Amino acid sequence: DVNKWSLTRINAKNPDKVITIDSGDAFPELDGDHSTYKHCVKPGVYTFTISDSSGDGLGANGKGGYYITANDVTLGISSFFYHEERMT
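Numbering follows the working numbering, with no gaps: position 52 of the sequence shown is 52.
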């Protein structure tokens with residue numbers, strides 16, 4: 001059971017190319033019941049992709065979720081996913 005994630009954006013000079021800002025197959029250590037990952041990025045349009053090799057998401061039966069924030073503003077929330085999900 002492997003969870004992978006990536007943060008990408010389109011190359012402004014070459015829209016056919018995608019630039020990977022960061023990615024991983026592990027998450028930061030739990031802080032209570034959650035993990036926090038921080039990464040500063042320039043203004044722009046980004047895509048966050050998360051996947052699970054076994055199809056059970058971040059928790060039992062896909063019941064784990066995540067949220068994305070910028071400057072204390074919530075940009076997206078996912079309460080569950082199974083195999084793969086993208087948020088732009």
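Where a beta carbon is used, it is the ideal one built from N, C-alpha and C, also for glycine. Quantities reported herein were computed from a predicted structural model and do not represent experimental measurements.
Within 10 Å of its beta-carbon, does residue i have 16 or more other beta-carbons around it, so buried, or fewer, so exposed?
i	result
residue 66	buried
residue 57	buried
In the DSSP assignment, find the beta strand (DSSP E) that holds residue i and state where it starts and stops.
i	result
residue 22	14 to 24
residue 49	46 to 52
residue 67	66 to 70
With DSSP as the reference, identify every bridge partner of residue i, one or two as the case may be.
i	result
residue 7	22, 48
residue 73	70
residue 79	In the DSSP output, where bridge partners are listed per residue, residue 79 has none listed.
Near residue i, which residues of its chain fall below 8 Å by C-beta distance, leaving aside the five closest residues on each side in sequence?
i	result
residue 91	Shown here, the chain extends from 1 to 88; a query on residue 91 therefore has no answer.
residue 89	Nothing about residue 89 can be read from this structure; the chain reaches only from 1 to 88.
residue 22	6, 7, 39
Quick one: what's got a C-beta closer than 6 Å to residue i's C-beta in the same chain, skipping five residues either side?
i	result
residue 77	67
residue 79	65
residue 75	68
residue 4	25, 51
residue 87	48, 76
Going by the C-beta, is residue i closer than 6 Å to any heavy atom of the ligand GTP?
i	result
residue 88	Looking at this structure, you won't find the ligand GTP or any other ligand, since it has none at all.
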